[in-house]
Every structure is written in structure tokens, then in C-alpha cells.
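No gaps in the numbering here: position 40 of the sequence shown is 43 in this note's numbering, and each next residue is one more. The beta carbon of each residue, even a glycine, is placed where N, CA and C say it ideally should be. See structure below.
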Amino acid sequence: MTPPEPPLPRPRILLTGASGAVGSILRPLLGSVYGPIRLSDRVEPAEPPGPGETFVRADLGDPAQVAAMVEGIDAIVHLGGCSVEGPWDDILQANIAGTYHLYEAAHRAGVSRVVFASSNHAVGFYPRDRTVGPDVTLRPDSRYGASKAFGEAIGALYADKHGLRVFNIRIGNVATAPLDRRRLAIWLHPADLLQLVRIGIEHPQVHYEIVYGASDNARTWWDNRRAHELGYRPTARSEDHAARVLARPETPDPVGDRFQGGTFCSQEYDRDTHPDRRGGSGAGRAPDDAAAAPAQ
Ligand code: 15L
4 MTPPEPPLPR PRILLTGASG AVGSILRPLL GSVYGPIRLS DRVEPAEPPG PGETFVRADL
64 GDPAQVAAMV EGIDAIVHLG GCSVEGPWDD ILQANIAGTY HLYEAAHRAG VSRVVFASSN
124 HAVGFYPRDR TVGPDVTLRP DSRYGASKAF GEAIGALYAD KHGLRVFNIR IGNVATAPLD
184 RRRLAIWLHP ADLLQLVRIG IEHPQVHYEI VYGASDNART WWDNRRAHEL GYRPTARSED
244 HAARVLARPE TPDPVGDRFQ GGTFCSQEYD RDTHPDRRGG SGAGRAPDDA AAAPAQ
């Protein structure tokens, strides 16, 4: 039996995407646990680096900048890249090439762990009446979601071939309170995000894992038992906010409301209306979403 790896005394952490919305939330939380951290982004953070923080500007599309960014680091929390749907070239550079550059640089620099901010949009085309676990077939709802699927896959390669410890969090929506009905199912409180990130950085059993980034949400669509096995104990409950959220009127979205990914599914959607494919894949729906098909 291989002896367990001794825990890193104080891992040197790099937070990418530190100037973004989730990065700005996670930055002080990570700093409070791990002390000095390195921050990185394409743009300076609104809040300048404080004591114990250093900032390295890096464009994920540039392998040399990414290599400099990861030098001397033990664990990377990779939030960087596009965080919503966008033009292909942006997604390609930042999320596809960028995540490849990150793993390749991490491997060469001897980084031990990567916590990858994947997204619910890697599986956004599952219908809302389906509970999905970490091992379902990927069903991205956007170019962005497909880039997150790629990120999970390239992480598996570096884990299995090179021994990096890779922890993927399919994040729902990080906020201090759920924003709408859909988010009642996928909300992730910042303190619960920190718990998951800490599992990714510290848990001795992590080789390659996928978990869902969700708080204790009674309306969840996800089977997050693996996260619980690794010690995750979410503290925030979306149901505590349900009455307020449900009282707010919402604009119906006939496509988005059927699927877990919401508006990411309805953007550019023409499966039911495309002139050349009417009755094609719409009629022969995949078994997964048969239940979500609109009444004919
Ligand atoms: C995401 O992956 C995005 O990064 C975030 O901005 C939200 O749109 C979130 O998903 C969501 O699904 O609500």
C-alpha cells in the first residue's frame, strides 16, 4: 500500500480569475485560511493586493505568461477565463487553450493540485426533473458549457497521465442569496464554495473528482453524494430564501424553464424551429429529455 502523502504545511495558492465576480468573493476567504496567496487575472483587481497578496497579470491564451503565473505554486484554484456564453474565439482562447496552458504549465512546474471551476452548464441540457450525478454524459448548453466539459476532460488527462490531483466543482451560482427560482436549485453560498475548494486543496483522497457546487438546496437537481463522502457539509439552505424568491414574478422562458441550464439553453436555440430539421431531433428526443419535451 502506498503511504498517504503528508499534508502540505501551508500550500502556496494561486487564484486565477481573481478580479472576476467569484474570484473577488473567494479571495479574502482563501486568504483567511491559507495566508499569503498569489492572485492572477488579465485585469487588475478592483481591490488592490493587500498584505500577503501578490498579483500577477496573465493572459491565459499566452503559454509563457501562464508558466510565469504558476511558478512556485502548490495548488491552483482556477476560476479564470470566460464565465458566461460568448463568441467562439473568446471561449477558445481563454477557456480551451487557456485551460490546456494552465494544466501543461502546472505539470511542468510541479504543481500538486488544481481545483477547477467547472460549471452546471457542462450538463445544462438535462431536464429539471432529472437528478444527475457527477458521472452522467456531458450535455453542455452553450459554447461556454462545452469549454467547461473540455476543462474537466483535460484535467482527467493530467491526473491520470501525470499524477496531478484534480478537483472539479460544477458550480451552480455563487451569491449570498439565491437570485431566482432556478437558483433555488443550484445556489452556492460563498462559505460552502470555500468548503469545497478546501476539500480540493487538502483532501488526501483526491486524485480526480467531480462534485457539484451547490449549498443545501431542497430543490436540487444534483446527486452530490461524492462531495459528502469527501466531508462536504453545506451550511446554507436555499429554502430559507424560497418564500421571497417565489413571490417575485419571473418572465417565462419556454425552453430555458425546461432545462437545468436555464437561459444558457434558450440562447440561440432553434432545435424545434430550424427549417431543415423540424421533426428531426425534436421528434427523436434523447431519452434524457423525453420527460421535458413540451406537450405536442
Ligand atoms: C455560470 O457558470 C456562470 O459563471 C454564472 O455567471 C451564472 O450564470 C451561473 O452559471 C448560473 O447558471 O446561474
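Annotation for Tyr-37: the continuous alpha helix (DSSP H) segment containing it runs 24–37. In terms of Cβ geometry, Arg-133 and Trp-225 do not form a close pair [threshold 8 Å].
Checking the 7 Å criterion, the Cβ of Asn-176 is within range of a heavy atom belonging to the ligand 15L.
When the Cα atoms are used, Ala-120 and Pro-12 turn out to be separated by approximately 24 Å. The beta carbon of Val-87 sits closer than 7 Å to at least one heavy atom of the ligand 15L.
Comparing C-alpha distances from Arg-146 to each of Leu-197, Gly-265, Asn-98 shows the shortest one belongs to Asn-98. In this structure, the ligand 15L has no non-hydrogen atom nearer than 7 Å to the beta-carbon of His-81. The nearest non-hydrogen atom of the ligand 15L is less than 7 Å from the C-beta of Ser-122. Ala-24 and Thr-276 have their C-alpha atoms some 35 Å from each other. Straight-line spacing of the CA atoms in Gln-198 and Leu-95 works out to 30 Å. In the DSSP annotation of this structure, the continuous segment of the beta strand (DSSP E) that includes Gly-216 starts and ends at 211–216. Non-local C-beta neighbours of Leu-196 in its own chain, meaning closer than 7 Å and more than five positions away in sequence, comprise Leu-29, Val-177, Gly-216, ordered along the chain.
At a threshold of 7 Å, Arg-13 does not count as near the ligand 15L, since its beta carbon sits no closer than that to any of the ligand's heavy atoms. Put simply, of Ile-202, Ala-112, Asp-219 the residue whose alpha carbon is nearest the alpha carbon of Ile-213 is Ile-202.
By the Cβ neighbour-count rule, Asp-62 is buried, with 16 or more other Cβ atoms within 10 Å of its own.
Distance from the Cα of Gly-34 is smallest, within the candidate group Arg-116, Gly-175, Val-200, for Val-200.
Going by C-alpha positions, Arg-222 is about 15 Å away from Asn-123. Rounded to whole angstroms, the gap between the alpha carbons of Val-118 and Ala-100 is 17 Å.
In this structure, the CA atom of Asn-220 is about 23 Å from the CA atom of Thr-140. Of the residues Gly-136, Gly-20, Leu-82, Tyr-106, the one whose Cα lies closest to the Cα of Ala-230 is Gly-136. DSSP places Thr-238 in the coil class of the three-state scheme, outside both helix and strand. Set against 7 Å, the gap from the CB of Arg-186 to the closest heavy atom of the ligand 15L is smaller.
In the three-state DSSP reduction, Val-177 falls in the strand class (E or B). With respect to Ser-22, Pro-51 sits apart: the two C-beta atoms are not nearer than 8 Å.
Counting along the chain, Glu-47 sits inside no alpha helix (DSSP H), nor does DSSP assign it H or E at all. If you draw a 10 Å sphere on the C-beta of Arg-236, you find fewer than 16 other C-beta atoms in it, and that means exposed.
Counting along the chain, the unbroken beta strand (DSSP E) around Phe-58 starts and ends at 56–60.
Taken through DSSP and simplified to helix, strand or coil, His-104 comes out as helix. Sixteen is the threshold: since fewer than 16 other Cβ atoms of the shown chains lie within 10 Å of the Cβ of Leu-249, the residue is exposed.
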